[in-house]
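Enquirer: If you scroll down you'll find the structure; I have some questions about it.
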Amino acid sequence: MSEQWLGLITGICFGALLQQGRVLRFEKQVGAMLLQDMTIMKFMMSAILVGMIGIHLLVAMGIATLSVKATLLGALIVGGALFGAGWAVMGFCPGTSVGAVAEGRWHAIWAIAGMVAGAALYAEAYAHLEKSLLAWGNFGKITLPGVLGVSPWVVIPILGVVFVLVFVFFEKKGL
Amino acid sequence: MPRHFSWRPYVAGALVGVLATLSVLVSTLLLGKTQYLGASTTFVRAAGFIEREVDPARVKANPYFAKTAPKIDWQFMVIVGIFIGALGASVVDGSFKLEAVPPVWRERFGSGVVKRALGAFLGGIVAMFGARMADGCPSGHGLSGLMQLSVSGFIALGLFFGVGVMVAAFVYRQKGGLR
Numbered sequence: 002m003s004e005q006w007l008g009l010i011t012g013i014c015f016g017a018l019l020q021q022g023r024v025l026r027f028e029k030q031v032g033a034m035l036l037q038d039m040t041i042m043k044f045m046m047s048a049i050l051v052g053m054i055g056i057h058l059l060v061a062m063g064i065a066t067l068s069v070k071a072t073l074l075g076a077l078i079v080g081g082a083l084f085g086a087g088w089a090v091m092g093f094c095p096g097t098s099v100g101a102v103a104e105g106r107w108h109a110i111w112a113i114a115g116m117v118a119g120a121a122l123y124a125e126a127y128a129h130l131e132k133s134l135l136a137w138g139n140f141g142k143i144t145l146p147g148v149l150g151v152s153p154w155v156v157i158p159i160l161g162v163v164f165v166l167v168f169v170f171f172e173k174k175g176l
Numbered sequence: 053m054p055r056h057f058s059w060r061p062y063v064a065g066a067l068v069g070v071l072a073t074l075s076v077l078v079s080t081l082l083l084g085k086t087q088y089l090g091a092s093t094t095f096v097r098a099a100g101f102i103e104r105e106v107d108p109a110r111v112k113a114n115p116y117f118a119k120t121a122p123k124i125d126w127q128f129m130v131i132v133g134i135f136i137g138a139l140g141a142s143v144v145d146g147s148f149k150l151e152a153v154p155p156v157w158r159e160r161f162g163s164g165v166v167k168r169a170l171g172a173f174l175g176g177i178v179a180m181f182g183a184r185m186a187d188g189c190p191s192g193h194g195l196s197g198l199m200q201l202s203v204s205g206f207i208a209l210g211l212f213f214g215v216g217v218m219v220a221a222f223v224y225r226q227k228g229g230l231r
């Protein structure tokens, strides 16, 4: 099977699950940022909980390898803050914008157009950023277990308990 | 359980965790290349495709487009698939609904389509510029990064959401406090 077909099948499943989780909607995304509706957090944290176990099992069995993004502190702080600000106004993230149009919320098309323009702008700025901001605070491809000097199987159960406690908190508060 | 409790986000989310794991397994076995879920790189490729129609020499000379070339790869097809999957699921369960302006936006800024379009467009520019700088979005950094316990994922998702909370409070705040 080609890379493209596999991607398409994966995407169809991902899109259906995003839609069924009801996380594609503007009100769910902004609702989380207004601390009123934590649907997207419940969704993401459930995915992370299951995925971190599954992926680390595959790594432990020697089947797959991790593909960790480098911790470039300057780029992460400035880029992360810019993303957060844009996300709040636009009300979609890159993946959900496409799914939002598909479930009829066609105003997400403006967000998609803006994001394509933003990508083009970033391509123009990249040559300058590469030697300045992007070069600052490079800690390499580090993981939490690596930094703490422990096995991932120490971190995973702890995070699991924290996530479940957060879920209980969300439900108690009716978020 | 409180009145509004729903298993929906938990079950759909957990299944995304299964999907991410299967995707890593199957892509490694079938393609010999491990694929982790992500979305924002595709917007660079899409921008490259469009810009190439207008000014091919500019795209060719750009070092970022050299790194992230306009091509239809695995992730690009994931994005196409998200559209098909979300369309199918929303039609099947009847939740498909045409909407020009989202309700939360309408309450704060009115039902003008132009205002919503401008907000979404400008927000989109800023968000994608930031996502490319941070090298990921809530899918690549948030889901895939945290599943791998990557330090960059924790920092990125913390900033995405932390700054999102501050800006949302500022943008959507109305007289008499938060709605």
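Protein chains in written order, with my numbering: chain C, 2 to 176; chain D, 53 to 231. Heads up, the beta-carbon is just placed ideally off N, CA and C, and yes, glycines get one too.
1) For residue 166 of chain C, return the contacting residues in chain D, with the cut-off set at a CB-CB distance below 7 Å.
2) For residue 132 of chain C, return the contacting residues in chain D, with the cut-off set at a CB-CB distance below 9 Å.
3) Please list the partners that residue 107 of chain D has in chain C, where partner means a Cβ-to-Cβ separation under 8 Å.
4) Got a sec? Which residues, its chain only, sit under 7 Å from residue 109 of chain C by beta carbon, not counting five neighbours each side?
5) My parser needs the beta strand (DSSP E) runs of 3 or more residues fully inside the segment 168-199 of chain D; what are they?
6) From residue 242 of chain C to residue 162 of chain C, what does the alpha carbon distance come to, in whole angstroms?
7) Alpha carbon to alpha carbon, how far is residue 208 of chain D from residue 158 of chain C?
8) How close, in whole Å, do the beta carbons of residue 217 of chain D and residue 36 of chain C come, if the pair is a contact with beta carbons under 8 Å?
9) So residue 177 of chain D and residue 115 of chain C are supposed to be a Cβ contact under 8 Å. How far apart are they, rounded?
10) Looking at residue 69 of chain D: is its Cβ nearer than 8 Å to the Cβ of residue 65 of chain C?
11) Using the beta-carbon count (16 or more within 10 Å), is residue 114 of chain D buried or exposed?
12) How many whole angstroms separate the CB atoms of residue 132 of chain D and residue 83 of chain C, which I take to be in contact at a CB cut-off of 8 Å?
13) For residue 134 of chain D, which option in C:29, C:39, C:14 has the closest C-alpha, if you only look at C-alpha atoms?
14) If you pair each beta-carbon of the segment 53-69 of chain C with each one of the segment 171-187 of chain D, do three or more pairs fall below 8 Å?
15) Hey, residue 191 of chain D and residue 89 of chain D are a contact pair by Cβ (cut 8 Å); roughly how many whole angstroms apart?
16) By Cβ distance, which residues of its chain are closer than 7 Å to residue 68 of chain C, with the 5 residues on each side in sequence left out?
17) Going by the CB atoms, is the gap between residue 7 of chain C and residue 73 of chain C shorter than 8 Å?
18) Here's the rule: buried if 16 or more other CB atoms are within 10 angstroms of the residue's CB, otherwise exposed. What is residue 155 of chain D?
19) Go ahead and label residue 107 of chain D buried or exposed: buried means 16 or more other beta carbons lie within 10 angstroms of its beta carbon, across all protein chains shown.
20) Specify the secondary structure class of residue 150 of chain D as computed by DSSP and reduced to three states.
21) Is residue 14 of chain C close to chain D, meaning its C-beta is less than 8 Å from at least one C-beta of that chain?
22) Apart from the five residues on each side of it in sequence, which residues of its chain come closer than 7 Å, Cβ to Cβ, to residue 44 of chain C?
23) Would you report the Cα separation of residue 151 of chain D and residue 173 of chain D, rounded to the nearest angstrom?
24) Restricting to runs no shorter than 4 residues, where is the alpha helix (DSSP H) found entirely within the segment 95-126 of chain D?
25) Just checking: is the beta-carbon of residue 129 of chain C within a distance shorter than 8 Å of some beta-carbon in chain D?
26) What span of residues does the alpha helix (DSSP H) with residue 64 of chain D cover, start to end?
27) For a contact defined as C-beta to C-beta under 7 Å, what are the partners of residue 161 of chain D on chain C?
28) Could you check which residue in C:137, C:85, C:12, C:50 has the C-alpha nearest to that of residue 223 of chain D?
29) Would you mind stating whether residue 78 of chain C and residue 211 of chain D have Cβ atoms separated by less than 8 Å?
30) If we count the other Cβ atoms within 10 Å of its Cβ and call it buried at 16 or more, is residue 63 of chain C buried or exposed?
31) Should residue 165 of chain C be labelled buried (16 or more other beta-carbon atoms within 10 Å of its own) or exposed?
32) By the criterion of Cβ-Cβ separation under 8 Å, what are the contact partners of residue 121 of chain D in chain C?
33) For residue 47 of chain C, does the three-state DSSP call read helix, strand or coil?
34) Going by the CB atoms, is the gap between residue 104 of chain C and residue 148 of chain D shorter than 8 Å?
35) By the 7 Å beta-carbon criterion, what residues does the segment 131-142 of chain D contribute toward chain C?
Expert: On the basis of the coordinates in this document:
1) Position 165 of the first sequence holds residue 166 of chain C. Ordered by position in chain D, no residue passes the 7 Å Cβ test against residue 166 of chain C, which lies about 14 Å from the chain.
2) Along the first sequence, read from residue 1 onward, the residue named residue 132 of chain C stands at position 131. In chain order: nothing, as chain D lies at least about 11 Å away.
3) The count along the second sequence starts at 1 and reaches residue 107 of chain D at position 55. Those within 8 Å of residue 107 of chain D in chain C number zero; the least Cβ separation is about 11 Å.
4) In the first sequence, the residue the question calls residue 109 of chain C occupies position 108. The answer, listed in chain order, is 93, 98, 101, 102.
5) none
6) Because chain C is modelled from 2 through 176, residue 242 of chain C falls outside the range shown and cannot be assessed.
7) By one-based count along the second sequence, residue 208 of chain D stands at place 156. By one-based count along the first sequence, residue 158 of chain C stands at place 157. Rounded to whole angstroms, residue 208 of chain D to residue 158 of chain C spans 22 Å at the Cα level.
8) Within the second sequence, residue 217 of chain D is the residue found at index 165, counting from 1. Within the first sequence, residue 36 of chain C is the residue found at index 35, counting from 1. Yes, they are in contact, since the Cβ atoms of residue 217 of chain D and residue 36 of chain C sit about 7 Å apart, within 8 Å.
9) Walking along the second sequence from the start, residue 177 of chain D turns up at place 125. Walking along the first sequence from the start, residue 115 of chain C turns up at place 114. Between residue 115 of chain C and residue 177 of chain D the Cβ distance is about 5 Å, and since that is below 8 Å, they are a contact.
10) Residue mapping note: residue 69 of chain D aligns to position 17 of the second sequence, counting from 1. Residue mapping note: residue 65 of chain C aligns to position 64 of the first sequence, counting from 1. No, these two residues do not count as a Cβ contact at 8 Å.
11) On the second sequence, position 62 is the one that residue 114 of chain D refers to. The residue in question, residue 114 of chain D, is buried, as its Cβ has 16 or more Cβ neighbours within 10 Å.
12) What you label residue 132 of chain D is simply residue 80 of the second sequence in a count that begins at 1. What you label residue 83 of chain C is simply residue 82 of the first sequence in a count that begins at 1. Rounded, the Cβ-Cβ distance is 27 Å, inconsistent with contact.
13) Taking the first residue of the second sequence as 1, we reach residue 134 of chain D at position 82. Considering only alpha carbons, the answer is C:14.
14) no
15) Stepping through the second sequence from its first residue, residue 191 of chain D is reached at position 139. Stepping through the second sequence from its first residue, residue 89 of chain D is reached at position 37. With 8 Å as the limit, residue 191 of chain D and residue 89 of chain D qualify as a contact, their Cβ atoms being about 5 Å apart.
16) The residue you call residue 68 of chain C lines up with position 67 of the first sequence. Excluding residues within five positions, none has a Cβ falling inside 7 Å.
17) Position 72 of the first sequence, counted from the start, is the residue given in the question as residue 73 of chain C. Position 6 of the first sequence, counted from the start, is the residue given in the question as residue 7 of chain C. Contact flag unset, no.
18) Locating residue 155 of chain D in the second sequence gives position 103, counting from the first residue. The residue is exposed, with fewer than 16 neighbouring Cβ atoms inside 10 Å.
19) Along the second sequence, one-based indexing puts residue 107 of chain D at 55. Burial call: exposed.
20) Working through the second sequence from its first residue, we reach residue 150 of chain D at position 98. In the structure shown, residue 150 of chain D sits in coil (DSSP, three-state: anything other than H, G, I, E or B).
21) Here the question's residue 14 of chain C lines up with position 13 in the first sequence. With 8 Å as the cut-off, residue 14 of chain C counts as an interface residue toward chain D.
22) Position 43 of the first sequence, counting from 1, holds the residue named residue 44 of chain C. Counting only Cβ-Cβ distances below 7 Å, and skipping sequence neighbours, we find 22, 24.
23) Taking the first residue of the second sequence as 1, we reach residue 151 of chain D at position 99. Taking the first residue of the second sequence as 1, we reach residue 173 of chain D at position 121. Rounded to whole angstroms, residue 151 of chain D to residue 173 of chain D spans 17 Å at the Cα level.
24) 108-113, 115-119
25) Residue numbering aside, residue 129 of chain C sits at position 128 when the first sequence is read from its first letter. It does not; no Cβ of chain D falls within 8 Å.
26) Position 12 of the second sequence, counted from the start, is the residue given in the question as residue 64 of chain D. Where residue 64 of chain D is concerned, the enclosing alpha helix (DSSP H) stretches over 60-83.
27) Numbered from 1 along the second sequence, position 109 holds the residue referred to as residue 161 of chain D. Chain C residues near residue 161 of chain D: none, gap ~11 Å exceeds 7 Å.
28) Counted from its first residue, the second sequence places residue 223 of chain D at position 171. Closest option to residue 223 of chain D, Cα to Cα, is C:85.
29) Looking up residue 78 of chain C in the first sequence gives position 77. Looking up residue 211 of chain D in the second sequence gives position 159. Against a cut-off of 8 Å, the Cβ pair of residue 211 of chain D and residue 78 of chain C comes out as a contact.
30) Stepping through the first sequence from its first residue, residue 63 of chain C is reached at position 62. Its Cβ having fewer than 16 others within 10 Å, residue 63 of chain C is exposed.
31) Residue 165 of chain C sits at position 164 when you count from the first residue of the first sequence. Exposed, because fewer than 16 other Cβ atoms sit within 10 Å of the Cβ of residue 165 of chain C.
32) Taking the first residue of the second sequence as 1, we reach residue 121 of chain D at position 69. In chain order: nothing, as chain C lies at least about 11 Å away.
33) If you number the first sequence from 1, residue 47 of chain C lands on position 46. Three-state result, residue 47 of chain C: helix.
34) Residue 148 of chain D sits at position 96 when you count from the first residue of the second sequence. Residue 104 of chain C sits at position 103 when you count from the first residue of the first sequence. Yes; because the gap between Cβ atoms is below 8 Å, this pair is in contact.
35) 131, 132, 133, 134, 135, 136, 137, 138, 139, 140, 141, 142
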